[in-house]
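Student:
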Amino acid sequence: MDLSINYLGLKLKNPLIAGASAYTADIKKALELQEAGVAAIVYKSLFEEQLNLEAAELEDDLHEYDDRNAEMINLFPSIEHSGPKAHLMALKEFKEALSIPVIASLNCIYKESWEEYAVHLASTGVDALELNFYSSISEADISAESIESEQVEALKRILKKIKIPVAVKLSPYYTNPLAFIKKLDAVGASGFVLFNRLFQPDINIQSEKLEMPYNLSKDGDSRFSLRYMGLLEGKVKAFLCANTGIIEANDVIAALLAGADAVQMVTSLYKKGAKCIPEILNELSAWMEKKGYSSVAAFKGKLSKRNLKDPYAYKRAQYVDFLMKSKDYADKYPVN
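Below, the structure written as structure tokens:
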């Protein structure tokens, strides 16, 4: 059974990629994932906001001792060894410890920073770079066009500076994700990871404070990603990776049928650890054998818009059809 796939020009032994998270920053856990059969790992994201905060806090710590013996300041690390350099050193060590491909992840807030940090990450020897284009807009005077233009320009500048493949990870909240993806594809993005799992604040009505819950994916969260896999398969030059809600083998198979080249998983790693990887791979192989597929390539994209006879399969007409047949669905799926 051939589970191998091509993603970002990288030959992977199967479609399972461990997505960026705190879980994938732990070398011990990463080695367990590698042993379990995961094909590649996305190292935890380098967030510019975090670096700025750490630098500011360290600066405060250092200045607290300005009036004391100079030797005491040496107890504290210098700023040049904090923030990005610490991340880069850890990433380099991580890459050297693994034999499977390692992908770096980057999320910046200032347009000038994207290029600088991308070059630094590429210098660690990683196999590819993933740009996390997540903008949390809180001002009404910033237009959708300006956000997209800035991100397109950031990608252009990065591609001129580094030689490794560059994927773009997007949120689903662009005005027209398909149009924006086409722009990024034309510029030269090597792949698209769809979509971000966004963390939004909640309100604790007892403490009357904002909270940031760690909301893992749940069953059914992959459907939005599946739709865009199906719409984009064969329509862009870049590789496609499904993200969010990829929890069980069924989710992996569905993503591949829709047109994904690979999938990224995080929630299952937190819930089950590395043991979920061989379980999913075994179920994928069993399904392929049952269906008579000898390779992933034999069924990848079989249910994409491009390969379906029904021209309305991925359009709103299906929603209208669902409403017209709502009684049939209610009878099929009764609520207890």
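Using our numbering, the letters of the sequence shown map in sequence onto residues 654 to 989. All C-beta atoms, glycine included, are put in the ideal place defined by N, C-alpha and C.
Would you kindly report the start and end of the unbroken beta strand (DSSP E) that includes valine 949?
Tutor: In the sequence shown, residue 949 corresponds to position 296, counting from 1. No beta strand (DSSP E) holds valine 949; DSSP gives it neither H nor E.
Student: Report the CB separation of alanine 915 from leucine 665 in whole angstroms; it is logged as a contact under 8 Å.
Tutor: Your numbering for residue 915 matches position 262 in the sequence shown. Your numbering for residue 665 matches position 12 in the sequence shown. About 7 Å; that satisfies the 8 Å criterion.
Student: Beta strand (DSSP E) containing glutamate 864: first to last residue?
Tutor: Mapped onto the sequence shown, residue 864 falls at position 211. Run containing glutamate 864: 862–864, per the beta strand (DSSP E) assignment.
Student: Are there 16 or more other CB atoms within 10 angstroms of the CB of methionine 941, so buried, or fewer, so exposed?
Tutor: If you number the sequence shown from 1, residue 941 lands on position 288. Buried is the call here.
Student: Which one or two residues does DSSP pair with glutamate 783 in a beta bridge?
Tutor: By 1-based counting over the sequence shown, the position of residue 783 is 130. According to DSSP, glutamate 783 bridges with Ser758, Ala820.
Student: Pop quiz: phenylalanine 747 and alanine 683 are said to be a contact at Cβ under 8 Å. What is the actual Cβ separation, rounded to whole angstroms?
Tutor: Here residue 747 refers to the residue found at position 94 when the sequence shown is read from its first residue. Here residue 683 refers to the residue found at position 30 when the sequence shown is read from its first residue. The Cβ separation is near 7 Å, so the contact holds.
Student: Have a look at Ser766, Ser824, Val755, Glu864 and flag the residue whose alpha-carbon is nearest the alpha-carbon of proline 854.
Tutor: Counting from one through the sequence shown, the residue named residue 854 turns up at place 201. Among Ser766, Ser824, Val755, Glu864, the Cα nearest to that of proline 854 belongs to Glu864.
Student: Using the three-state DSSP reduction, which class does glutamine 687 fall into: helix, strand or coil?
Tutor: Translated into positions along the sequence shown, residue 687 becomes position 34. Glutamine 687 falls in the helix class under three-state DSSP.
Student: Using 8 Å as the threshold, is the segment 889–901 in touch with the segment 842–861, meaning 3 or more CB pairs across them?
Tutor: Result yes; three or more Cβ-Cβ pairs closer than 8 Å.
Student: Applying the criterion that 16 or more other CB atoms from any shown protein chain within 10 Å of the CB defines a buried residue, is leucine 1033 buried or exposed?
Tutor: Summary: the structure shown does not reach residue 1033, with the chain confined to residues 654 through 989, and so no result is reported for it.
Student: Between the beta-carbon of lysine 962 and the beta-carbon of leucine 909, is there less than 8 Å?
Tutor: Walking along the sequence shown from the start, residue 962 turns up at place 309. Walking along the sequence shown from the start, residue 909 turns up at place 256. Their beta carbons are not under 8 Å apart, which means lysine 962 does not touch leucine 909 by this criterion.
Student: Using the Cα positions of threonine 920 and alanine 911, report the straight-line distance between them to the nearest angstrom.
Tutor: Here residue 920 is taken as the residue at index 267 of the sequence shown, counted from 1. Here residue 911 is taken as the residue at index 258 of the sequence shown, counted from 1. If I take the Cα positions, the gap works out to 21 Å.
Student: In chain order, what residues of the same chain lie with their CB nearer than 7 Å to the CB of histidine 716, ignoring the 5 residues before and after it?
Tutor: Against the sequence shown, residue 716 aligns to sequence position 63. Low per-residue confidence applies at histidine 716: pLDDT is 44, beneath 50, and the placement is therefore not dependable, though the value from the model is reported in the following sentence. So the list is empty, once near-sequence residues are dropped.
Student: What are the boundary residues of the alpha helix (DSSP H) that includes glycine 883?
Tutor: As a working note, residue 883 is residue 230 in the sequence shown. Residues 876–885.
Student: Return the first residue and the last residue of the beta strand (DSSP E) that alanine 693 is part of.
Tutor: Stepping through the sequence shown from its first residue, residue 693 is reached at position 40. Alanine 693 -> beta strand (DSSP E) spans 693–695.
Student: Could you tell me which residues DSSP pairs with valine 846 in its beta bridges?
Tutor: Along the sequence shown, one-based indexing puts residue 846 at 193. Partner(s): Lys822, Cys894.
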